[in-house]
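In case it helps, my numbering puts the sequence shown at residues 69 to 245.
Backbone N, C-alpha and C define an ideal beta-carbon position, used for all residues, glycine too.
Quick caveat: nothing in here was measured; it's all calculated off a predicted structure.
One structure below.
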Amino acid sequence: MAGLWRSYQALMGKYPWTVQLVTAGSLVGVGDVISQQLIERRGLAHHSVRRTAKMMSIGFFFVGPVIGSWYKVLDRLVVGGTKTAAMKKMLLDQLCFAPCFLGAFLSISSALNGLTAEENVAKLKRDYTDALISNYYLWPPVQIANFYFIPLHHRLAVVQIVAVVWNSYLTWKANQL
């Protein structure tokens, strides 16, 4: 395991953006597999590989770039590694970024599932508030620790590891039609 971590860090040093995108896409995919197998109990015979591929594409092309860029912006907006700075970053993240990101994630998922604009709006009205409240149960303590203890270039990876659980919930929520 230590060798795998060293390899990951070496790749992060050489190709940080690419590794962050691949990590995000892969872990969103893992979250969908967990959602289908453990939450929905589909079994391997009824596993939707297409759905997992859609969710991974959201991870590669939306989650990774958006969250990776957000953390860079956040570090410019709130400078420093103090407890106060970590709290400010968490508040900005959870009060400004998370609500927008969550709405966009659910909308993109719905669009990829073939929902019309009207159906997408109805799904957002049905699921958004519940998902946002669930977000607030998990993410504030994770983000305070992330902003206080973790260097910028590892924050997306830390969030994505915790997000395996979150992604399992979110992909389940996003794919409830």
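- Close CB contacts of V101 within its chain, under the 8 angstroms cut and outside five residues either way in sequence, are with H115 and T120 (chain order).
- For F215, the closest of D195, V233, A185 and R144 by C-alpha to C-alpha distance is R144.
- Rounded to whole angstroms, the separation of the alpha carbons of L238 and V189 is 17 angstroms.
- If you draw a 10 Å sphere on the C-beta of L224, you find 16 or more other C-beta atoms in it, and that means buried.
- Taking a 10 Å sphere around the C-beta of T86, we find fewer than 16 other C-beta atoms and assign the residue as exposed.
- The continuous alpha helix (DSSP H) containing S75 extends over residues A70 to K82.
- Only residues of its own chain outside the window of five on either side were considered, and among them V87 and H221 have a CB closer than 7 angstroms to the CB of M80, listed in chain order.
- Note that the C-beta distance between L200 and W234 is not below 8 angstroms.
- Around the beta carbon of G127, a 10 Å sphere encloses 16 or more other beta carbons of the protein chains shown; the residue is thus reported as buried.
- Straight-line spacing of the CA atoms in M69 and G148 works out to 31 angstroms.
- For Q211, the enclosing alpha helix (DSSP H) stretches over residues A185 to F217.
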